[in-house]
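Enquirer: Residue numbers (my numbering): 714 to 1019.
Yeah, the Cβ is synthetic: ideal placement off N, Cα and C, and Gly gets one too.
Keep in mind it's a predicted model, so treat the numbers as computed, not measured.
This is the structure, below, for whatever I ask next.
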Amino acid sequence: MIYETIIIGGGPAGMAAAIYAARSGLNAVLLERSSSLGGQLIVADWIDNYPGYPEGINGADLMNNFALQVERFQVPVHYEGVEKLELNGLIKKVQTSQGTYESRTVVLATGAEHRTLNIPGEARLTGAGVSYCAVCDGMFFRKKKVVVIGGGDTALKGAEYLTRFAREVVLVHRRDLFRGAKVLDDKVRKNERVRLLLNTIPLAIEGEQTVEGILLRNKISGEEHREPCDGVFLFVGTAPNSELITQEILDENGYVVTDENMATVIPGVFACGDLRRKALRQVSTAAGEGAAAADSAFSYLASLIQ
714 MIYETIIIGG
724 GPAGMAAAIY
734 AARSGLNAVL
744 LERSSSLGGQ
754 LIVADWIDNY
764 PGYPEGINGA
774 DLMNNFALQV
784 ERFQVPVHYE
794 GVEKLELNGL
804 IKKVQTSQGT
814 YESRTVVLAT
824 GAEHRTLNIP
834 GEARLTGAGV
844 SYCAVCDGMF
854 FRKKKVVVIG
864 GGDTALKGAE
874 YLTRFAREVV
884 LVHRRDLFRG
894 AKVLDDKVRK
904 NERVRLLLNT
914 IPLAIEGEQT
924 VEGILLRNKI
934 SGEEHREPCD
944 GVFLFVGTAP
954 NSELITQEIL
964 DENGYVVTDE
974 NMATVIPGVF
984 ACGDLRRKAL
994 RQVSTAAGEG
1004 AAAADSAFSY
1014 LASLIQ
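What follows is the structure in C-alpha coordinates.
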(Lines of atoms letter the chains of each structure in order from A and count residues from 1; the text may use other names and numbers.)
(Lines give C-alpha, C1' and ligand atoms only; values in the text may rest on other atoms or scores of the structure.)
Protein backbone atom coordinates (compact mmCIF):
# COMPACT_ATOMS: atom_id res chain seq x y z
CA MET A 1 0.00 0.00 0.00
CA ILE A 2 1.30 3.43 -0.93
CA TYR A 3 0.07 6.23 1.33
CA GLU A 4 -0.43 9.76 0.13
CA THR A 5 1.34 11.10 3.19
CA ILE A 6 3.21 9.70 6.18
CA ILE A 7 3.47 11.96 9.22
CA ILE A 8 6.38 11.16 11.51
CA GLY A 9 5.95 12.46 15.05
CA GLY A 10 2.89 12.72 17.28
CA GLY A 11 3.39 16.06 19.00
CA PRO A 12 1.19 19.11 18.35
CA ALA A 13 2.71 19.72 14.90
CA GLY A 14 2.30 16.12 13.79
CA MET A 15 -1.25 15.85 15.10
CA ALA A 16 -2.25 19.13 13.43
CA ALA A 17 -0.77 17.82 10.18
CA ALA A 18 -2.77 14.61 10.57
CA ILE A 19 -6.02 16.50 11.15
CA TYR A 20 -5.51 18.74 8.12
CA ALA A 21 -4.39 15.84 5.93
CA ALA A 22 -7.59 13.99 6.80
CA ARG A 23 -9.70 17.09 6.15
CA SER A 24 -8.11 17.28 2.70
CA GLY A 25 -9.06 13.67 2.04
CA LEU A 26 -5.51 12.34 2.02
CA ASN A 27 -4.78 8.72 2.80
CA ALA A 28 -2.45 9.35 5.75
CA VAL A 29 -0.82 7.50 8.61
CA LEU A 30 0.81 8.96 11.73
CA LEU A 31 3.89 7.26 13.18
CA GLU A 32 4.86 7.91 16.80
CA ARG A 33 7.80 6.23 18.54
CA SER A 34 6.48 6.53 22.11
CA SER A 35 3.41 4.87 23.59
CA SER A 36 1.23 8.00 23.48
CA LEU A 37 0.64 11.15 21.47
CA GLY A 38 1.60 14.60 22.71
CA GLY A 39 5.37 14.86 22.60
CA GLN A 40 6.99 17.14 25.20
CA LEU A 41 3.63 18.70 26.05
CA ILE A 42 2.57 15.58 27.93
CA VAL A 43 4.76 16.67 30.86
CA ALA A 44 3.96 20.39 30.65
CA ASP A 45 2.39 21.37 33.96
CA TRP A 46 0.36 24.31 32.65
CA ILE A 47 -0.05 26.08 29.30
CA ASP A 48 -1.32 29.60 29.67
CA ASN A 49 -0.83 31.01 26.17
CA TYR A 50 -2.68 28.65 23.84
CA PRO A 51 -5.69 30.45 22.30
CA GLY A 52 -9.12 29.24 23.29
CA TYR A 53 -8.31 28.43 26.92
CA PRO A 54 -8.69 31.69 28.85
CA GLU A 55 -7.91 30.02 32.18
CA GLY A 56 -5.06 27.94 30.78
CA ILE A 57 -4.90 24.17 30.44
CA ASN A 58 -2.72 21.29 31.57
CA GLY A 59 -0.35 20.11 28.85
CA ALA A 60 -1.54 16.50 28.95
CA ASP A 61 -5.18 17.62 28.72
CA LEU A 62 -4.48 19.84 25.71
CA MET A 63 -2.64 17.04 23.93
CA ASN A 64 -5.48 14.65 24.74
CA ASN A 65 -7.84 17.08 23.01
CA PHE A 66 -5.55 17.09 19.97
CA ALA A 67 -5.50 13.27 20.01
CA LEU A 68 -9.29 13.08 20.19
CA GLN A 69 -9.50 15.18 17.03
CA VAL A 70 -7.02 12.91 15.28
CA GLU A 71 -9.23 9.99 16.29
CA ARG A 72 -12.39 11.75 15.12
CA PHE A 73 -10.87 12.24 11.68
CA GLN A 74 -9.95 8.54 11.67
CA VAL A 75 -6.25 8.98 11.03
CA PRO A 76 -4.52 5.68 11.86
CA VAL A 77 -1.80 6.05 14.49
CA HIS A 78 0.94 3.43 14.58
CA TYR A 79 3.20 3.45 17.63
CA GLU A 80 6.42 2.46 15.91
CA GLY A 81 9.88 3.94 16.00
CA VAL A 82 11.37 4.94 12.66
CA GLU A 83 14.71 3.28 11.93
CA LYS A 84 15.50 4.44 8.39
CA LEU A 85 14.31 7.08 5.93
CA GLU A 86 14.61 7.09 2.14
CA LEU A 87 13.24 10.49 1.18
CA ASN A 88 14.53 10.98 -2.35
CA GLY A 89 12.55 9.68 -5.29
CA LEU A 90 8.87 9.82 -6.16
CA ILE A 91 8.01 7.13 -3.61
CA LYS A 92 9.38 7.73 -0.11
CA LYS A 93 10.21 4.79 2.14
CA VAL A 94 9.98 4.81 5.94
CA GLN A 95 11.35 1.77 7.72
CA THR A 96 10.16 1.07 11.26
CA SER A 97 10.60 -1.74 13.74
CA GLN A 98 7.44 -3.31 12.28
CA GLY A 99 8.09 -3.00 8.57
CA THR A 100 8.45 -0.55 5.69
CA TYR A 101 5.91 2.11 4.73
CA GLU A 102 5.72 3.77 1.32
CA SER A 103 4.25 7.18 0.55
CA ARG A 104 4.28 9.96 -2.03
CA THR A 105 4.90 12.60 0.64
CA VAL A 106 6.41 12.71 4.12
CA VAL A 107 5.78 15.27 6.85
CA LEU A 108 8.61 15.36 9.38
CA ALA A 109 7.42 16.41 12.84
CA THR A 110 9.88 14.66 15.15
CA GLY A 111 10.46 17.73 17.31
CA ALA A 112 13.42 18.75 19.41
CA GLU A 113 14.42 18.11 23.00
CA HIS A 114 15.71 20.54 25.59
CA ARG A 115 19.22 19.75 26.66
CA THR A 116 19.33 19.13 30.39
CA LEU A 117 22.03 19.56 33.02
CA ASN A 118 21.20 16.27 34.73
CA ILE A 119 21.80 17.77 38.16
CA PRO A 120 19.94 16.71 41.32
CA GLY A 121 16.45 18.20 41.55
CA GLU A 122 16.17 19.17 37.89
CA ALA A 123 13.92 16.37 36.68
CA ARG A 124 11.93 16.14 39.92
CA LEU A 125 11.09 19.85 39.96
CA THR A 126 10.45 20.30 36.25
CA GLY A 127 7.02 21.91 36.06
CA ALA A 128 7.30 22.92 39.72
CA GLY A 129 9.64 25.85 39.27
CA VAL A 130 12.10 24.41 36.76
CA SER A 131 11.36 25.56 33.21
CA TYR A 132 12.96 25.58 29.77
CA CYS A 133 10.76 28.30 28.26
CA ALA A 134 10.59 31.94 29.39
CA VAL A 135 7.70 32.83 27.08
CA CYS A 136 5.67 29.86 28.31
CA ASP A 137 6.20 30.25 32.05
CA GLY A 138 7.52 33.73 32.75
CA MET A 139 4.22 35.19 33.91
CA PHE A 140 3.99 32.61 36.71
CA PHE A 141 6.94 34.31 38.41
CA ARG A 142 5.52 37.79 38.71
CA LYS A 143 7.32 39.69 41.51
CA LYS A 144 9.40 36.61 42.30
CA LYS A 145 13.09 35.81 42.03
CA VAL A 146 14.36 33.49 39.30
CA VAL A 147 17.72 32.08 38.25
CA VAL A 148 18.60 31.69 34.57
CA ILE A 149 21.30 29.22 33.50
CA GLY A 150 23.10 29.72 30.18
CA GLY A 151 25.25 32.06 28.16
CA GLY A 152 23.94 32.08 24.59
CA ASP A 153 21.33 34.14 22.78
CA THR A 154 18.43 32.16 24.23
CA ALA A 155 19.64 32.66 27.81
CA LEU A 156 20.23 36.38 27.28
CA LYS A 157 16.84 36.86 25.63
CA GLY A 158 15.21 34.77 28.33
CA ALA A 159 16.78 36.75 31.15
CA GLU A 160 15.73 40.03 29.56
CA TYR A 161 12.20 38.75 28.97
CA LEU A 162 11.82 37.52 32.54
CA THR A 163 12.53 40.99 33.93
CA ARG A 164 9.04 41.91 32.72
CA PHE A 165 7.68 39.74 35.51
CA ALA A 166 10.31 38.78 38.09
CA ARG A 167 11.55 41.25 40.68
CA GLU A 168 15.09 39.87 40.24
CA VAL A 169 16.78 37.69 37.62
CA VAL A 170 20.10 36.04 38.47
CA LEU A 171 21.93 35.04 35.28
CA VAL A 172 24.43 32.23 35.85
CA HIS A 173 27.08 31.37 33.25
CA ARG A 174 30.01 29.00 33.50
CA ARG A 175 32.40 31.32 31.63
CA ASP A 176 33.47 34.93 32.17
CA LEU A 177 32.02 36.06 28.83
CA PHE A 178 28.67 35.36 27.21
CA ARG A 179 28.68 33.74 23.80
CA GLY A 180 25.50 35.48 22.64
CA ALA A 181 25.15 38.53 20.43
CA LYS A 182 26.78 41.70 21.76
CA VAL A 183 23.57 43.69 21.52
CA LEU A 184 21.87 41.16 23.82
CA ASP A 185 24.88 41.08 26.13
CA ASP A 186 24.82 44.87 26.47
CA LYS A 187 21.09 44.92 27.08
CA VAL A 188 21.28 42.40 29.91
CA ARG A 189 24.24 44.11 31.58
CA LYS A 190 22.38 47.43 31.60
CA ASN A 191 19.20 45.95 33.07
CA GLU A 192 18.99 46.80 36.77
CA ARG A 193 16.88 43.73 37.51
CA VAL A 194 19.55 41.34 36.24
CA ARG A 195 22.42 40.22 38.47
CA LEU A 196 25.28 38.31 36.88
CA LEU A 197 27.11 35.34 38.38
CA LEU A 198 29.92 34.45 35.96
CA ASN A 199 32.42 31.61 36.15
CA THR A 200 29.73 29.79 38.09
CA ILE A 201 28.19 26.36 37.63
CA PRO A 202 24.98 24.87 39.06
CA LEU A 203 25.31 21.81 41.28
CA ALA A 204 21.75 21.06 42.41
CA ILE A 205 18.26 22.52 42.39
CA GLU A 206 16.67 22.44 45.82
CA GLY A 207 13.12 22.37 47.11
CA GLU A 208 10.47 20.00 48.44
CA GLN A 209 7.29 20.57 46.42
CA THR A 210 8.56 23.56 44.42
CA VAL A 211 11.89 25.23 43.73
CA GLU A 212 13.32 26.96 46.81
CA GLY A 213 16.91 27.57 45.74
CA ILE A 214 19.88 26.44 43.71
CA LEU A 215 23.34 25.32 44.83
CA LEU A 216 26.15 27.01 42.88
CA ARG A 217 29.93 26.79 42.73
CA ASN A 218 32.37 29.47 41.64
CA LYS A 219 34.87 27.86 39.25
CA ILE A 220 37.69 30.22 40.23
CA SER A 221 37.49 30.12 44.02
CA GLY A 222 35.75 26.77 44.40
CA GLU A 223 33.35 28.40 46.86
CA GLU A 224 29.83 26.99 46.99
CA HIS A 225 26.75 28.93 47.99
CA ARG A 226 22.99 28.51 47.96
CA GLU A 227 21.02 31.09 45.97
CA PRO A 228 17.41 31.28 47.19
CA CYS A 229 14.93 31.56 44.32
CA ASP A 230 11.42 30.69 43.23
CA GLY A 231 12.26 29.37 39.78
CA VAL A 232 15.11 28.12 37.62
CA PHE A 233 15.13 28.58 33.85
CA LEU A 234 17.56 26.38 31.93
CA PHE A 235 18.73 27.59 28.53
CA VAL A 236 21.58 25.24 27.67
CA GLY A 237 20.46 24.44 24.14
CA THR A 238 18.06 22.20 22.28
CA ALA A 239 18.74 19.11 20.22
CA PRO A 240 16.57 18.36 17.17
CA ASN A 241 15.45 14.77 16.66
CA SER A 242 17.00 14.62 13.21
CA GLU A 243 19.47 11.74 13.45
CA LEU A 244 17.85 9.80 10.60
CA ILE A 245 17.27 12.75 8.29
CA THR A 246 19.54 13.34 5.32
CA GLN A 247 22.06 16.17 5.71
CA GLU A 248 20.74 17.58 2.45
CA ILE A 249 17.89 19.34 4.25
CA LEU A 250 19.57 20.11 7.59
CA ASP A 251 21.35 23.24 8.77
CA GLU A 252 24.62 23.25 10.70
CA ASN A 253 22.76 22.60 13.98
CA GLY A 254 20.70 19.69 12.72
CA TYR A 255 17.41 21.54 12.19
CA VAL A 256 15.41 21.03 8.99
CA VAL A 257 15.42 23.98 6.60
CA THR A 258 12.10 24.75 4.90
CA ASP A 259 10.44 27.57 3.04
CA GLU A 260 7.36 29.40 4.34
CA ASN A 261 5.18 26.55 3.08
CA MET A 262 7.09 24.00 5.19
CA ALA A 263 8.62 22.48 2.04
CA THR A 264 12.22 21.24 2.03
CA VAL A 265 14.44 21.15 -1.05
CA ILE A 266 13.45 17.50 -1.55
CA PRO A 267 10.16 17.39 -3.50
CA GLY A 268 7.38 15.86 -1.43
CA VAL A 269 9.18 16.22 1.90
CA PHE A 270 7.88 18.74 4.43
CA ALA A 271 8.74 19.60 8.03
CA CYS A 272 6.94 21.37 10.86
CA GLY A 273 7.21 22.13 14.56
CA ASP A 274 10.33 22.29 16.70
CA LEU A 275 12.32 20.25 14.18
CA ARG A 276 12.37 23.26 11.84
CA ARG A 277 14.98 26.00 11.85
CA LYS A 278 13.08 28.96 13.33
CA ALA A 279 13.07 31.50 16.13
CA LEU A 280 9.86 30.78 18.08
CA ARG A 281 8.97 27.34 19.41
CA GLN A 282 5.45 27.30 20.84
CA VAL A 283 2.42 24.99 20.72
CA SER A 284 0.50 27.51 18.64
CA THR A 285 3.26 27.88 16.05
CA ALA A 286 3.73 24.10 15.89
CA ALA A 287 0.03 23.56 15.22
CA GLY A 288 -0.02 26.23 12.53
CA GLU A 289 3.02 24.75 10.83
CA GLY A 290 1.47 21.28 10.93
CA ALA A 291 -1.59 22.62 9.14
CA ALA A 292 0.60 24.37 6.56
CA ALA A 293 2.70 21.24 5.97
CA ALA A 294 -0.39 19.10 5.33
CA ASP A 295 -1.81 21.73 2.98
CA SER A 296 1.49 21.87 1.09
CA ALA A 297 1.55 18.08 0.83
CA PHE A 298 -1.96 18.20 -0.65
CA SER A 299 -0.90 20.85 -3.18
CA TYR A 300 2.19 18.84 -4.12
CA LEU A 301 0.12 15.70 -4.72
CA ALA A 302 -2.33 17.69 -6.83
CA SER A 303 0.54 18.94 -8.97
CA LEU A 304 1.58 15.36 -9.76
CA ILE A 305 -1.69 14.60 -11.56
CA GLN A 306 -1.95 17.81 -13.54
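Pull up the distance between the alpha-carbon of Thr-718 and that of Ser-955, whole angstroms please.
Expert: Looking at the backbone, the Cα of Thr-718 and that of Ser-955 are separated by about 19 Å.
Enquirer: Consult DSSP for Gln-782 and reduce its assignment to one of helix, strand or coil.
Expert: helix
Enquirer: So what's Glu-973 in DSSP terms, helix, strand or just coil?
Expert: coil
Enquirer: Do you know whose CA, among Ile-832, Tyr-792 and Thr-951, lies nearest Ile-914's CA?
Expert: Ile-832
Enquirer: Buried or exposed: Met-714, going by 16 or more other Cβ atoms within 10 Å of its Cβ?
Expert: When all chains shown are included, Met-714 counts as exposed.
Enquirer: Is it buried or exposed for Met-975, if we count other Cβ within 10 angstroms and need 16 for buried?
Expert: Met-975 counts as buried, since at least 16 other C-beta atoms from the protein chains shown sit within 10 angstroms of its C-beta.
Enquirer: If you run the structure through DSSP and keep just helix, strand and coil, what is Gln-753?
Expert: If DSSP states are grouped into helix, strand and coil, Gln-753 belongs with the helices.
Enquirer: With distances taken from CA atoms, which of Val-969, Leu-963, Gly-926 and Asp-987 is nearest Thr-951?
Expert: Asp-987
Enquirer: Does the Cβ of Gly-769 have 16 or more other Cβ atoms within 10 Å, making it buried, or fewer, making it exposed?
Expert: exposed
Enquirer: Based on DSSP bridge pairs, tell me the residues matched to Asn-931.
Expert: In DSSP, Asn-931 forms a bridge with Thr-913.
Enquirer: Taking the DSSP output, what are the residues bridged to Tyr-874?
Expert: None; Tyr-874 has no bridge partner.
Enquirer: Between Glu-784, Leu-744, Arg-785 and Gln-753, which has its C-alpha nearest Gly-772's C-alpha?
Expert: Gln-753
Enquirer: Is the region 846-860 close to the region 741-752, with three or more CB pairs under 8 Å?
Expert: no
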